[in-house]
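Heads up: the sequence shown at position 222 corresponds to 270 in this note's numbering, and the numbers run straight through without jumps.
From the three backbone atoms N, C-alpha and C, an ideal C-beta is built for every residue, glycine too.
Note sheet for the following structure.
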Amino acid sequence: MRQILSDPAPVLDRLSATYGPICGLGVPGVRLAVIGGPAVLREMFSHPADSFRWGHRFNVVGVQFVVGKESMIVSDGEDHRRRRGSVQAAFTRRRLDQWVPMILERADVAINEVLSRRDLGDGPLDLAPVVRRLIIGVTVHAFFGERLAQRSDEIADLYERSQHFIEAPAVQQLPHPLPFTNRARVRRDLRAVNAIIDAEIADRRANPSGDPLDILEALVVDDTLSDSEIRAQVRTLIGAGYDTTAAALSWLLWCAALSPDVWQRLREEADAVLGGAGGSAGPVDPGALARLEHAQRTVRESLRLHPAGLIGARVAAREMELGGCRIRMGTLLVWSPHLAGRDPDHWVEPLRFDPDRFLDPAPEQKALSELAWIPFGRGPHMCIGFALAQMELALVIARMAQRLDLAPISDQVPHPVGMVVNRPTGGAPFWVTSRPVGIG
Ligand code: HEM
Numbered sequence: 049m050r051q052i053l054s055d056p057a058p059v060l061d062r063l064s065a066t067y068g069p070i071c072g073l074g075v076p077g078v079r080l081a082v083i084g085g086p087a088v089l090r091e092m093f094s095h096p097a098d099s100f101r102w103g104h105r106f107n108v109v110g111v112q113f114v115v116g117k118e119s120m121i122v123s124d125g126e127d128h129r130r131r132r133g134s135v136q137a138a139f140t141r142r143r144l145d146q147w148v149p150m151i152l153e154r155a156d157v158a159i160n161e162v163l164s165r166r167d168l169g170d171g172p173l174d175l176a177p178v179v180r181r182l183i184i185g186v187t188v189h190a191f192f193g194e195r196l197a198q199r200s201d202e203i204a205d206l207y208e209r210s211q212h213f214i215e216a217p218a219v220q221q222l223p224h225p226l227p228f229t230n231r232a233r234v235r236r237d238l239r240a241v242n243a244i245i246d247a248e249i250a251d252r253r254a255n256p257s258g259d260p261l262d263i264l265e266a267l268v269v270d271d272t273l274s275d276s277e278i279r280a281q282v283r284t285l286i287g288a289g290y291d292t293t294a295a296a297l298s299w300l301l302w303c304a305a306l307s308p309d310v311w312q313r314l315r316e317e318a319d320a321v322l323g324g325a326g327g328s329a330g331p332v333d334p335g336a337l338a339r340l341e342h343a344q345r346t347v348r349e350s351l352r353l354h355p356a357g358l359i360g361a362r363v364a365a366r367e368m369e370l371g372g373c374r375i376r377m378g379t380l381l382v383w384s385p386h387l388a389g390r391d392p393d394h395w396v397e398p399l400r401f402d403p404d405r406f407l408d409p410a411p412e413q414k415a416l417s418e419l420a421w422i423p424f425g426r427g428p429h430m431c432i433g434f435a436l437a438q439m440e441l442a443l444v445i446a447r448m449a450q451r452l453d454l455a456p457i458s459d460q461v462p463h464p465v466g467m468v469v470n471r472p473t474g475g476a477p478f479w480v481t482s483r484p485v486g487i488g
C-alpha cells in the first residue's frame, strides 16, 4: 500500500503479473481494489454514474483544496452533470480547429528560443521546462485569449506550488489554518489565480466581445453556472490541462527521439502537411491536424505506454461485482491506464514502442486496443480535454521533428516519477541541434 502511494509503477506491474486483472488490498480502515484488466475496467466504467463517488479520505485532502469544492473533478451527481455540461458545450470541434495556427505559432516561438540559446551545444538541454512553458501558454491562450497568454509565465508560477503540494504524501496535505506553511503559501497562490480569473469574468460581463472562439465568454453567456462555479471550472481546466499535457509531451519526446525512423517519418509528414520544410510555413488550415496521421499514431502509442496518470480513483457508492469479485461499498477503486496499456492479452509485444500498431489493425486487434487504451479514462468523468491534449501533442511533436534534431542522452526511457502526474525522472534532456538545412 505504501509503495502504491509513493512509486506506483513497479508495484502495479507486480500486482497485475501475480494476481491478474483485479486484486484487493487492505489495512484496517482502508480497502482498495486495484484494477488493470481492460475487460474489468470496461465493466467498471459501464456501471451507472451514481454507483461511484469521487471522494475518499485518500484523495479528498489535497485535491479538493487545490481545485476548489465547486470543480467538476470533485463533484458527483447533478452538480457534476451541470458543471461539466456547461464546459462541454463550450469545447466545440470548431473552437478546437481554430486553435491549430495558434499552437503552431507558439511551438515556433519555443523552438526559436531553444535554437537561440547561447549554451546550446555545451551539453544536453532539458526540454521539459521548455514544453511546460509552451503548454501553459497554449492553455491560457485557448481559454482567455492572447492578452492573458502574455501573463502565462506568471500563471504557471502560481500553479507550480499547488502541483507539488498534491504530489506530497497525504499527511502533508492535511488541512490546518497555520500561517507561514506550505499550505498557506498554496492558499495565497490560489487566491491570486482566482483574482485573475475573476477579473476576466468581470471583463467578459462588462464588455462582451461576441468572439465565438472565446471559451470564457461562452461560459459567462451560457448562464448555467454562478461566477464562482465558472471560476472553479476554469481553474480546474488550466490545472488539469497543463501539467498532464506537458508531462505527456516529455514522454513523447523520449519515445520519438529514441526511434530515429519515427522522428524521420514525423518530419517528412510535417513537411508535406504543414509545408515549408524546416517549419517556415505560412498559414496552416485547420484540417491539417487530420492529415498528421503518423503524428497522431505516435501520440497514441506514447500515451499507451506512458499515460499522464498511472492510476485514477473512484469510491464504490454501493456494493457491486467486478471481474467476479464482490466489491463492498466504500472500497477505493484504483484503476490503472498504465496496466491496461501494457496488458499482454491486449497488445502484441506490449513494451515495444510501435506507432504502426494503430495503422490498419485487424478487426479483432482494433477491438482489443479500443478496450485497453484508456489514458483519458471513460465514463462520466472522462477527460474533458482529451481532444485538445491530443491535438497539442501531435502538432508540437510534428513541428519539433520538422525543425530539430534530438540525440537522447540514454538509450532507455527513464523511470516514471509522480503520483498524480506521471513524468520521466530527470525530465527530457537531449543534445539539441537545428535540423540541417537542405537535408530532408
Ligand atoms: C495528455 C493529457 C491528458 C491526460 C492523459 C488526461 C487524463 C485525464 C484523466 C485520466 C482524467 C480522469 C478521468 C476519470 O477519472 O475517469 C481526466 C479528467 C479531466 N481532465 Fe484530463 N488529461 C489530459 C489533458 C487535459 C486537458 C488538456 C484538459 C483541459 C484543458 C483536461 C481537463 C480535464 C478535466 C476538467 C477533467 C475532469 C473531468 C470530470 O471530472 O468530469 N485534461 N483527465
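According to DSSP, residue pairing for M430 in a beta bridge does not occur.
The beta carbon of P355 lies closer than 7 Å to those of P385, H386, G389, P423 and N470 in the same chain, with the five residues before and after it left out.
Its chain contains P172, L173, L175, L301, A305, L454, A455, P456 and I457 as the residues whose beta carbon lies nearer than 8 Å to that of F478, once the 5 sequence neighbours on both sides are disregarded; these appear in chain order. For V310 against V82, the beta-carbon gap comes to about 32 Å, at or over 8 Å, which does not count as contact. Partner residues in a beta bridge of D127, as assigned by DSSP, do not exist.
Relative to the ligand HEM, the nearest heavy atom lies less than 6 Å away from the CB of R132. The alpha-carbon of R483 is positioned some 13 Å away from that of A446. Using a Cβ distance threshold of 7 Å, R143 and L337 do not count as a contacting pair. In chain order, L264, E265 and V268 place their CB closer than 6 Å to the CB of R252, counting only its own chain and leaving out the 5 sequence neighbours on each side.
Per DSSP, reduced to three states, the secondary structure at R471 is strand. Straight-line measurement puts the Cα of V75 at about 16 Å from the Cα of M377. Contact between R283 and V135 fails: their C-beta atoms lie close to 12 Å from each other, not under 8 Å. The stretch 200-214 and the stretch 273-290 touch, with no fewer than 3 CB-CB distances between them shorter than 8 Å. If you draw a 10 Å sphere on the C-beta of G77, you find fewer than 16 other C-beta atoms in it, and that means exposed. Closest in C-alpha terms to R348, from the list E153, V332, Q312 and E418, comes E418. Residue nearest to V186 within the set V465, A137, G433 and N255 is G433 (criterion: CA-CA distance). Inter-residue distance for M120 and V485 is about 48 Å (C-alpha atoms, whole angstroms). By the Cβ test, the stretch 85-96 is in contact with the stretch 364-373, since at least three Cβ pairs between them sit closer than 8 Å. Relative to the ligand HEM, the beta carbon of T293 is positioned inside 6 Å of a heavy atom.
The criterion of a C-beta distance shorter than 7 Å is not satisfied by P411 and D145.
Rounded to whole angstroms, the gap between the alpha carbons of S307 and F406 is 17 Å. Taking a 10 Å sphere around the C-beta of A197, we find 16 or more other C-beta atoms and assign the residue as buried. When R180, D391 and M467 are compared, the shortest CA-CA separation from Q51 is found for M467. Judged by DSSP secondary structure, E118 falls outside any beta strand (DSSP E); it is assigned neither H nor E. With 16 or more neighbouring CB atoms inside 10 Å of its own CB, R345 falls in the buried class.
One thing to note: R315 has its Cβ no nearer than 7 Å to the Cβ of W421. Within 10 angstroms of the beta-carbon of H342 lie 16 or more other beta-carbons, which makes it buried.
Not a single heavy atom of the ligand HEM lies less than 6 Å from the C-beta of P472. Within the same chain, and ignoring the five residues on either side of D246 in sequence, the residues whose Cβ sits closer than 8 Å to its Cβ are D275 and R279.
Counting C-beta atoms within 10 angstroms of its own C-beta, G84 has 16 or more neighbours from the protein chains shown and is therefore classed as buried.
Boundaries of the alpha helix (DSSP H) harbouring T293: D275 to A305, taken from the DSSP string. Ranked by Cα distance from R132, the options C303, P472, L273 and L322 are led by L273. Our two residues, L340 and M439, have alpha carbons roughly 10 Å apart in a direct line.
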